[in-house]
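**Student:**
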Amino acid sequence: MYSCLGHSVMHVPGVIHSGPVPHNPISSRKERRKMQVYRKSRKGFSLVELLAVVLILAVLAAVAVPLYVSQRKSAAGRACKANLAAIASAVSAYAIRNGAYPDSIATLVGQPEGLAAVPACPLGGAYTWTTSTTGASLSCPNATAHVGYGGSASTEWQRTFPALATDSIP
6 MYSCLGHSVM HVPGVIHSGP VPHNPISSRK ERRKMQVYRK SRKGFSLVEL LAVVLILAVL
66 AAVAVPLYVS QRKSAAGRAC KANLAAIASA VSAYAIRNGA YPDSIATLVG QPEGLAAVPA
126 CPLGGAYTWT TSTTGASLSC PNATAHVGYG GSASTEWQRT FPALATDSIP
């Protein structure tokens, strides 16, 4: 015997009852428990979902970090070449104006068509400037490092200037 909508109903085997389905407190408790478990489990991400996200981030990092590092080194090489070109241009202008090469790169600072400040290699260190009777040379202190990061030859990281002609007009 069980209760259905406030009425006592007796279950007779083999008899099909037409009418409302009897209320079963046990199955509704199970269903409620199932729904509570479902709701609790959906509050966060599953371990598999978190591992998938971590894996995707790891793959992206494995690709992006080496590219970032190589681009920084390549940019340093381009900046170094630009510095060498600026110094070479200032040296040429100084030599035309004064008839001699400057004693140091610092001499070019503040000169007309000179440099605003003494540039340094982006990888660190000061550019080397040497003068002799056969001419002058300008080189980067990190030439070998630049060659490893996109430079093709060490000659790209130095500039040579020929000896200046002397006028022999009396």
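Numbering-wise (this note's numbering), the sequence shown opens with residue 6 and increments by one.
Even for Gly, the Cβ is constructed at its ideal location relative to N, Cα and C.
Keep in mind that this is a model prediction, so the values were computed, not measured.
As an exercise, report each continuous beta strand (DSSP E) stretch of at least 3 residues that is fully enclosed by the stretch 94-161, in chain order.
**Tutor:** Taking only runs of at least 3 residues, the beta strand (DSSP E) segments lying wholly in the stretch 94-161 are 133-137, 140-144.
**Student:** Is there a C-beta anywhere in chain D that falls below 8 angstroms from the one on Thr136?
**Tutor:** Here chain D cannot be found, since the structure has a single protein chain.
**Student:** Considering only residues of the same chain and omitting the five flanking positions on each side of Gly140, which have a CB-CB separation below 7 angstroms?
**Tutor:** If we look at Gly140 and ignore the five residues flanking it on each side, its Cβ neighbours are Thr165, Phe166, Pro167, Ala168.
**Student:** Taking Cβ to Cβ, would you say Leu143 is nearer than 8 angstroms to Gln163?
**Tutor:** Yes, the pair counts as a contact, with Cβ atoms nearer than the cut-off.
**Student:** Buried or exposed: where does Leu176 fall if 16 or more other Cβ atoms within 10 Å of its Cβ makes it buried?
**Tutor:** Because the chain is modelled from 6 through 175, residue 176 falls outside the range shown and cannot be assessed.
**Student:** Answer with buried or exposed for Pro127, where buried requires no fewer than 16 other C-beta atoms within 10 angstroms of its C-beta.
**Tutor:** Under this definition Pro127 is a buried residue.
**Student:** How long is the line joining the alpha carbons of Gly104 and Ile110, rounded to whole angstroms?
**Tutor:** In a straight line, the C-alpha of Gly104 is about 16 angstroms away from that of Ile110.
**Student:** Does the stretch 69-77 come into contact with the stretch 48-61, if we say contact requires no fewer than three beta-carbon pairs (one atom in each stretch) closer than 8 angstroms?
**Tutor:** Taking 8 angstroms as the limit for Cβ pairs, the verdict is that the stretch 48-61 does not touch the stretch 69-77.
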